[in-house]
Amino acid sequence: AQSVTQPDIHITVSEGASLELRCNYSYGATPYLFWYVQSPGQGLQLLLKYFSGDTLVQGIKGFEAEFKRSQSSFNLRKPSVHWSDAAEYFCAQSGGYNKLIFGAGTRLAVHP
Amino acid sequence: DGGITQSPKYLFRKEGQNVTLSCEQNLNHDAMYWYRQDPGQGLRLIYYSQIVNDFQKGDIAEGYSVSREKKESFPLTVTSAQKNPTAFYLCASRFNEKLFFGSGTQLSVL
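First to last, the protein sequences are chains P and X. Take 1 as the starting number for the first sequence in this note's numbering and just add one per residue. Take 113 as the starting number for the second sequence in this note's numbering and just add one per residue.
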């Protein structure tokens, strides 16, 4: 079965530090991959997506992600974290029949 | 403003009761989805609908029912058969492979 793995349940970084959130997908020669962000008690907002082409994709709020087929990974990065980036981040993969399969999420805390 | 509206924000269910969560969209999207979110488990698909008057079960449909009589509306009923309904429920619509989410309904059991 298809699955998306986010190995880190919780990450804490200092404001201004760099950030990398890991994501591994399990299926597909050409997967459709997504990163979403969720603030507490809210819905999810799309940060960025990868369908094909350039393996480094830029998103909103200064985030980027790199698709690495050899590692089945789609890690999310940000060079300098702001306190407002504290949230939960979900990696997702298109699962056929127009469904998305989500990872369990990584909760990001930012220290001042 | 265009978007997905979920109501109510908070809902309480008594033992043996059915409750219905509302989801309305004015984005003119054909496809709509219901996800359940539990802490540490990410989002799991309950039901989805590609078009009016048609819907399919997702991965955890047992104890839930839906209808899609109008393009704009995709209500979810949590039946008494769902023994562990406490969760955060998210409705979404889809366009060009992107999901657009509502702000969710927190359902709790009294």
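Backbone N, C-alpha and C fix where the C-beta goes; we use that ideal spot for every residue, glycine too.
Under the 8 Å criterion on CB atoms, P/F90 is classed as interfacial with respect to chain X. Taking 8 Å as the threshold, the shortest C-beta distance from X/E184 to chain P does not fall below it. Here the segment 203 to 219 of chain X makes no contact with the segment 105 to 112 of chain P; the two share fewer than three CB pairs at distances below 8 Å.
At a beta-carbon threshold of 7 Å, none of the residues of chain X lie near P/F67; the nearest stands roughly 15 Å away. Secondary structure of X/R206 (DSSP, three-state): strand. Against chain X, the CB of P/K78 has no partner CB under 8 Å away; the residue lies outside that interface. Straight across, the Cα-Cα distance linking X/S185 with X/E174 is about 21 Å. Checking the DSSP bridge columns, you'll see P/H10 partnered with P/R107.
Only residues of its own chain outside the window of five on either side were considered, and among them L19, L21, T106, R107, L108 and A109 have a CB closer than 8 Å to the CB of P/I11, listed in chain order.
Taking CB atoms only, P/G105 has a neighbour in chain X less than 8 Å away. With 16 or more other CB atoms across the displayed protein chains lying within 10 angstroms of its CB, P/W35 is buried. Among the residues facing chain X, P/Q93 is not included, as its CB has no counterpart in that chain under 8 Å away.
The residues K78, in chain order, have a CB closer than 6 Å to that of P/G62 in the same chain once the five nearest residues on each side in sequence are set aside.
Look at the segment 38 to 65 of chain P: the residues with a C-beta under 9 Å from a C-beta of chain X are Q38, G41, Q42, G43, L44, Q45, L46, K49 and F51.
Apart from the 5 residues on each side of it in sequence, X/N165 sits with its Cβ closer than 8 Å to the Cβ of R180 and E181 in its chain, given in chain order. For the options P/Y50, P/L33 and P/S52, the alpha carbon positioned closest to that of P/V4 is the one of P/L33.
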